[in-house]
Amino acid sequence: MHLPLLPCHSATPTRKGILVVTLIAVARIFMNQPLLLAEYSANVKATLDPVYLKATQSNPVQSKLQHLPNETHLSFCEAHNFLPQVGETVIAQTGNNTRRFSIRKQDFQPTHSVPCGTSNELLQAIAMGQRRWDDDVENANLTLRQKEDYPSTFIPDKCYIPYYEPEQMCDVLNRFSHVIIQGDSLSRHLQGGLLMALRDNVVNGSMVSSNPEMYNCTCDAQFSEHPKCRLNNGLYNRYQPYQLGLCPNLGNDTQQFESVFNINRLHRGVYKFPGVNCTSPESKGVLVIVQGGVHMRFNHASTYHKLIRPFFADPTFRTCAEQGKAIFIWTSYTAQSPDYDDKYPLQKLEVGIKFNNGMDEIFQSDMINASVVNWLNFTIGAQHSDGLHYAAQVNLFKAQHLIALADRLWKEKQFFNLPPAS
65 MHLPLLPCHS ATPTRKGILV VTLIAVARIF MNQPLLLAEY SANVKATLDP
115 VYLKATQSNP VQSKLQHLPN ETHLSFCEAH NFLPQVGETV IAQTGNNTRR
165 FSIRKQDFQP THSVPCGTSN ELLQAIAMGQ RRWDDDVENA NLTLRQKEDY
215 PSTFIPDKCY IPYYEPEQMC DVLNRFSHVI IQGDSLSRHL QGGLLMALRD
265 NVVNGSMVSS NPEMYNCTCD AQFSEHPKCR LNNGLYNRYQ PYQLGLCPNL
315 GNDTQQFESV FNINRLHRGV YKFPGVNCTS PESKGVLVIV QGGVHMRFNH
365 ASTYHKLIRP FFADPTFRTC AEQGKAIFIW TSYTAQSPDY DDKYPLQKLE
415 VGIKFNNGMD EIFQSDMINA SVVNWLNFTI GAQHSDGLHY AAQVNLFKAQ
465 HLIALADRLW KEKQFFNLPP AS
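Written out as structure tokens, the structure reads:
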């Protein structure tokens with residue numbers, strides 16, 4: 065079996081001549097047998113459960129799936145996936161921008177014989193997991209940078225992360241009155257991944273836009289930072305499910321949760337919780353998911369004081385915490401492709417690791433019981449659009465990880481307690 069040819073790489077983001085997907089290439093993606101994960105990290109090694117190996121030895125597609133992706137959607141993206149390149153004025157698939165779709169049926173397979181039961185098991189599975197590629201890619205002696213051009217599957221450590229169907233996601237999110245996603249462009253993409261999962265639509269499920277040009281950005285292009293693929297607006301930033309035709313199982317419109325995305329550019333400040341009243345018996349509280357750092361130049365002290373601490377000082381959030389109606393999740397630095405380290409040295413891996421460690425030290429020293437999701441290993445080697453912003457697979461499964469975590473934290477009654485020094 066020969067590895068499909070890919071063009072030589074340039075250090076520029078334009079990358080001409082990416083592999084054209086053919087039906088033969090698509091078929092090969094699903095016919096490769098699984099192989100144990102290569103050790104590209106000296107500190108962490110993921111182990112595949114023997115039950116998983118046995119179950120998938122014959123053919124990954126035929127093994128049990130947690131969730132069956134829409135066949136029509138997958139087939140469309142396998143044949144028509146592309147990423148618009150810098151300088152392209154028309155958003156359309158061409159021979160120069162075609163690439164393999166990042167989401168595959170393999171991604172929905174249980175990777176171990178048991179699911180992650182507790183929130184701690186889940187967080188450990190994410191932090192210590194690793195990516196694996198098909199055996200032809202693994203055996204081709206490629207660098208990590210070269211592997212980024214091929215789809216891969218994330219293998220959590222020791223347990224599998226259940227995939228939540230749209231109705232299950234709605235039920236978890238509706239345990240809260242408000243779901244706040246506070247962050248930069250990576251969190252904007254997370255909001256898109258959440259919508260894609262709620263709609264069960266990988267073709268254009270992330271989109272809510274009044275501009276018809278946005279709907280040319282299908283499949284992985286949904287998460288491109290090309291200006292014509294950044295046109296989500298209106299209800300994308302703040303919605304109740306019924307407004308977008310989501311979550312029909314929730315019934316009464318007025319009782320549905322509200323999902324809010326608030327970008328953390330410093331001049332806009334953190335979210336102010338309008339309309340939230342956790343003292344009301346009808347209030348189900350708030351789920352707050354926060355991410356950031358690059359706009360604070362990955363200074364952990366500055367990030368804490370400008371982005372996180374204002375939440376703890378906000379009277380409304382404090383009341384929710386005092387009422388036992390708040391869950392606070394911090395998501396850490398995610399990996400930049402090494403191809404961009406010279407262009408964006410501030411976002412290099414060693415800088416990000418130092419930032420993550422600094423944030424952990426603050427949480428520990430100030431006795432902050434936020435749940436910290438470490439997505440570093442999850443994003444190392446993942447397909448991306450520009451070195452830092454990831455393709456559809458990462459954003460879809462980020463949303464799934466957070467739903468699974470919120471589910472466990474709520475069941476365990478792991479609600480946020482205000483730190484003593486706040």
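Start counting the sequence shown at 65; every next residue gets the next number (this note's numbering). Ideal Cβ positions, reconstructed from N, Cα and C, are used throughout, including at glycine. Note that the structure is a prediction, hence the values are computed from the model and not measured.
Using the rule of at least 16 other Cβ atoms within 10 Å of the residue's Cβ for burial, across every protein chain shown, is residue i buried or exposed?
i, result
"H176", "buried"
"I93", "Caution is warranted here: a pLDDT of 30 is assigned to I93, below 50, making its placement in the model unreliable, and no coordinate value can be reported."
"R310", "The question names Arg, yet the displayed sequence has Leu at residue 310. Flag for L310 reads buried."
"L262", "buried"
"H465", "buried"
"M431", "exposed"
"R209", "exposed"
"P305", "buried"
"V178", "exposed"
"A463", "buried"
"A377", "exposed"
Which residues does DSSP list as the beta-bridge partners of residue i?
i, result
"H448", "Y454"
"Q194", "I219"
"H242", "E322, V350"
"S343", "Here residue 343 is Thr; the residue named in the question, Ser, does not match the sequence. The partner list for T343 (beta bridge, DSSP) is empty, contrary to what the question assumes."
"W394", "V354, V436"
"G247", "I327"
Let me know the secondary structure DSSP gives residue i once reduced to three states.
i, result
"P148", "coil"
"V201", "helix"
"Y335", "coil"
"Y303", "strand"
"P483", "coil"
"W179", "According to the sequence displayed, residue 179 carries Pro and not Trp. Strand, per DSSP."
"I467", "helix"
"Y224", "strand"
"T162", "strand"
"D405", "coil"
"N313", "helix"
"K169", "helix"
"F362", "coil"
"H369", "helix"
"I417", "helix"
"N184", "helix"
"H253", "helix"
"T111", "Note that T111 scores 35 on pLDDT, short of 50, meaning its location in the model is unreliable and no value can be drawn from it."
"V236", "helix"
"Q428", "helix"
"Y214", "coil"
"S139", "helix"
Measuring from the CB of residue i, is there a heavy atom of the ligand NAP at a distance below 7 Å?
i, result
"S396", "Ligands are entirely absent from the displayed structure, and the ligand NAP is therefore not among its contents."
Cβ pair count under 8 Å reaching 3, the region 345–364 against the region 248–258: yes
contact_flag[the region 263–272, the region 137–155] where n(CB pairs < 8 Å) is 3 or more: The region 263–272 makes contact with the region 137–155: 3 or more CB pairs, one atom from each, lie closer than 8 Å.
The region 402–409 contacting the region 440–454, beta-carbon criterion three pairs below 8 Å: yes
Three CB pairs or more closer than 8 Å across the region 205–220 and the region 317–324: No, the region 205–220 is not in contact with the region 317–324.
Segment contact, 8 Å Cβ cut-off, at least three pairs: the region 232–243 with the region 192–209: no
Cβ contact (3+ pairs, closer than 8 Å) linking the region 389–403 and the region 154–168: Short answer: they don't touch.
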